[in-house]
Amino acid sequence: MGPSYKLPNLMTSSQNTGQGDEGMTKPKRELRLPPIDRTGNALPNVWKKNPFKIPGNIHWIDLCQNELQREADLRRMERNKRFYQKHTFRSRYTGTTLPAMREMFRKMGEEETKKQKPNDLKEEVSMASQKCRVRPVEKEFTHELIQRKREMFLVNFAIKTKRDEIANFKYKAVAADEKLRRRAQRLHEDAILFDEFLKATDEAAVEAMKRTEKETRLKIEKIAELRRMQAKLSALKGDISKKDETLTDYLSYKSFLLQVNDNLNSKNGEYLTSDEWEEKRKKDRMRKEERIRRRAKVSSRGKGVSRNDFMQRKKISSPRPPTRTSSRLAFSKMNYPEEWDESKQSEKETSSILHIMDNQSRLLAIMRGLEEENLKLIYHFQHSEEAFDEMKEVCAEAAAKLEKETSILRDQVEKMRKYIVSVEERSDQLKMMCQILDGGSEENGDEALAELNAKVEKVYYNVVGKLMLNIDGLMMLTNIENKVEQLLEEVENLPENAVKEIQKIKDKERRLQLREEKMMVQKHRQEERAKKAQERANAISFKRVGRRLVFRSEPIRNRVMKAANDAIVTTDSSLFFEHH
Numbered sequence: 001m002g003p004s005y006k007l008p009n010l011m012t013s014s015q016n017t018g019q020g021d022e023g024m025t026k027p028k029r030e031l032r033l034p035p036i037d038r039t040g041n042a043l044p045n046v047w048k049k050n051p052f053k054i055p056g057n058i059h060w061i062d063l064c065q066n067e068l069q070r071e072a073d074l075r076r077m078e079r080n081k082r083f084y085q086k087h088t089f090r091s092r093y094t095g096t097t098l099p100a101m102r103e104m105f106r107k108m109g110e111e112e113t114k115k116q117k118p119n120d121l122k123e124e125v126s127m128a129s130q131k132c133r134v135r136p137v138e139k140e141f142t143h144e145l146i147q148r149k150r151e152m153f154l155v156n157f158a159i160k161t162k163r164d165e166i167a168n169f170k171y172k173a174v175a176a177d178e179k180l181r182r183r184a185q186r187l188h189e190d191a192i193l194f195d196e197f198l199k200a201t202d203e204a205a206v207e208a209m210k211r212t213e214k215e216t217r218l219k220i221e222k223i224a225e226l227r228r229m230q231a232k233l234s235a236l237k238g239d240i241s242k243k244d245e246t247l248t249d250y251l252s253y254k255s256f257l258l259q260v261n262d263n264l265n266s267k268n269g270e271y272l273t274s275d276e277w278e279e280k281r282k283k284d285r286m287r288k289e290e291r292i293r294r295r296a297k298v299s300s301r302g303k304g305v306s307r308n309d310f311m312q313r314k315k316i317s318s319p320r321p322p323t324r325t326s327s328r329l330a331f332s333k334m335n336y337p338e339e340w341d342e343s344k345q346s347e348k349e350t351s352s353i354l355h356i357m358d359n360q361s362r363l364l365a366i367m368r369g370l371e372e373e374n375l376k377l378i379y380h381f382q383h384s385e386e387a388f389d390e391m392k393e394v395c396a397e398a399a400a401k402l403e404k405e406t407s408i409l410r411d412q413v414e415k416m417r418k419y420i421v422s423v424e425e426r427s428d429q430l431k432m433m434c435q436i437l438d439g440g441s442e443e444n445g446d447e448a449l450a451e452l453n454a455k456v457e458k459v460y461y462n463v464v465g466k467l468m469l470n471i472d473g474l475m476m477l478t479n480i481e482n483k484v485e486q487l488l489e490e491v492e493n494l495p496e497n498a499v500k501e502i503q504k505i506k507d508k509e510r511r512l513q514l515r516e517e518k519m520m521v522q523k524h525r526q527e528e529r530a531k532k533a534q535e536r537a538n539a540i541s542f543k544r545v546g547r548r549l550v551f552r553s554e555p556i557r558n559r560v561m562k563a564a565n566d567a568i569v570t571t572d573s574s575l576f577f578e579h580h
């Protein structure tokens, strides 16, 4: 705590001045404190200013900027200070105003004392001396002297004890200051080390960023080059796919012309379809391959090279995976393998194609015949499609009808099941009521009554207290009811907030108790499961030896089966004669 400042006796000066003027009555001037700033200095020429009128010579923007700059400088100074010299928001705005006011009051008190007259000072000194004057010395007895000495000793002892405590506190304060100084030194060293660490990390981060930028630039260049190469590759693939499509069209035309030529030159006069012609070409190709394989075997006996090795190497070499652009190419290679192999092209086929192209009238006649046949096939297909649609509609109607009937039957089955369940529940309830109304023996009734009395006695002990007299269960229930009514009346007289708080506490305790009981039950179940698992693990497993015993089947009843067969035969015969 700082030094205690006292307000000057301002009213004394006004009273003294009033006593000096004899016979003159002056109105008492009301003393007002001038406004001060944060440093404690009084603000001049502020008494007569109107606080509700804004002066015209003040620039509010400059004042705001100056105030913000001053606060920023103050915060900067606060950051550079020690942590025990810093202020909070409250101490910054209240810790500077109070000392300033105390300093102002002290200056005003000094000025008032200077203005007072010497006579007034003498009168005050005389009045103070009269107040401090002791009473006259009286005769004292020995026991009073001893009592006073004892009191003096106790006071001195208390003063000494307090001084020792003050010295101890000073020692602790010095130790705390030293400890704070050491901590501040360690904080300063840690701050220096942290700054060095930040510098090192900044340098590493700069190097990493430079390296990353370099690698990113190289990666961008590689990506641009890769994109250029991919664009060239895609352009080449597009050209190849176009050429392949053109070649596929030409091969299809060639196959068509060859098929026409074969049909024209057929000896039987029967035209082959596309599938039959393809099958014929496939067989011819297989025969040619067989002849080539035989020739290769004969020619490769001396060299030790077989056709099988060549075929195995051909199988091992895996083709390129198919893509969207190569699907038509693969189709043409599969359908026209001989045409793709340049070594197998023959001049005979070329001449036959040219012969077909020369005989245009015959080609047109064949085309007209094929068109008529296609029209017949299209008409037949349309007729079949209409019949199929009709059959589909009939099947859909039959399925809808069956679905409707099954849904109705399903609902009826569900209703019957519910009715059966309700009847079973009702039967169980009636069975229980019959057991209750029927009652057991007198011994069972006595046991139930004794159990009920024990439960009532337990509730009585928890609600009313210890059972002092031996009373029956009905009296205990009456006492419990009276106690509950009394407690309810007391609860109504209590404050509502207190009742709610107590109710919350009780609810919390009840929830905790239920939670503990639930945890105990879970723990008990877990222990039982662990015990059963341990028993299963420790149990001796018996391996079944020999044949498993089964029940003997009943003998076949021929008489019943014969009767059933006779009934089926008679039923079939009766139905036959009814229809015919």
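Residues in the sequence shown are numbered from 1 upward in steps of one, following UniProt numbering. A virtual CB, placed ideally from N, CA and C, is assigned to each residue, including glycine.
- For residue 504, the enclosing alpha helix (DSSP H) covers residues 496-538.
- In the three-state DSSP reduction, residue 273 falls in the coil class, being neither helix nor strand.
- Between residue 460 and residue 482, the C-beta spacing is not below 8 Å.
- Shown here, residue 59 sits in coil according to DSSP, grouped into three states, outside any helix or strand.
- Distance from the CA of residue 198 to the CA of residue 78, rounded to the nearest whole angstrom, comes to 23 Å.
- Sixteen is the threshold: since fewer than 16 other Cβ atoms of the shown chains lie within 10 Å of the Cβ of residue 382, the residue is exposed.
- Here DSSP, grouped into helix, strand and coil, assigns residue 541 to coil.
- Cβ-Cβ distances below 6 Å link residue 510 to nothing in the same chain once the five nearest sequence neighbours on each side are left out.
- A buried status is given to residue 260, since no fewer than 16 other beta-carbon atoms sit within 10 Å of its beta-carbon.
- Burial is judged here by how many other beta carbons sit within 10 angstroms of a residue's own beta carbon; residue 255 has at least 16 and is buried.
- Contact annotation, residue 456 with residue 473: C-beta distance approximately 5 Å; criterion of less than 8 Å satisfied.
- In the three-state reduction of the DSSP assignment, residue 464 falls in the coil class, being assigned neither a helical nor a strand state.
- A Cβ-Cβ separation of about 6 Å places residue 272 in contact with residue 263 under the 8 Å criterion.
- For residue 473, the enclosing alpha helix (DSSP H) has its first and last residue at 473-493.
- Secondary structure of residue 555 (DSSP, three-state): coil.
- The beta-carbon distance between residue 76 and residue 184, rounded to whole angstroms, is 20 Å. This is too long to meet the 8 Å contact definition.
- Residue 180 places its beta carbon less than 8 Å from that of residue 84.
- Within the UniProt domain "DUF4200" (145-262), there are no complete beta strand (DSSP E) runs of at least 3 residues.
- By the neighbour-count criterion, in which a residue is buried when 16 or more other Cβ atoms sit within 10 angstroms of its Cβ, residue 246 is exposed.
- Taking all protein chains in view, the Cβ of residue 142 is surrounded by fewer than 16 other Cβ atoms within 10 Å, so the residue is classified as exposed.
- Our two residues, residue 412 and residue 421, have alpha carbons roughly 14 Å apart in a direct line.
- Here the alpha carbons of residue 532 and residue 526 stand approximately 10 Å from one another.
- Around the C-beta of residue 476, 16 or more other C-beta atoms lie within 10 Å, and the residue is accordingly described as buried.
- Residue 369 carries a helical assignment under DSSP once its states are collapsed to helix, strand and coil.
- Per the coordinates, the alpha-carbon of residue 399 lies some 18 Å from the alpha-carbon of residue 387.
- C-alpha of residue 192 to C-alpha of residue 88: approximately 26 Å in a straight line.
- DSSP places residue 423 within a helical segment (H, G or I) once states are collapsed to three.
- Within 10 angstroms of the beta-carbon of residue 161 lie fewer than 16 other beta-carbons, which makes it exposed.
- For the pair residue 516 and residue 523, the Cα-to-Cα distance works out to about 10 Å.
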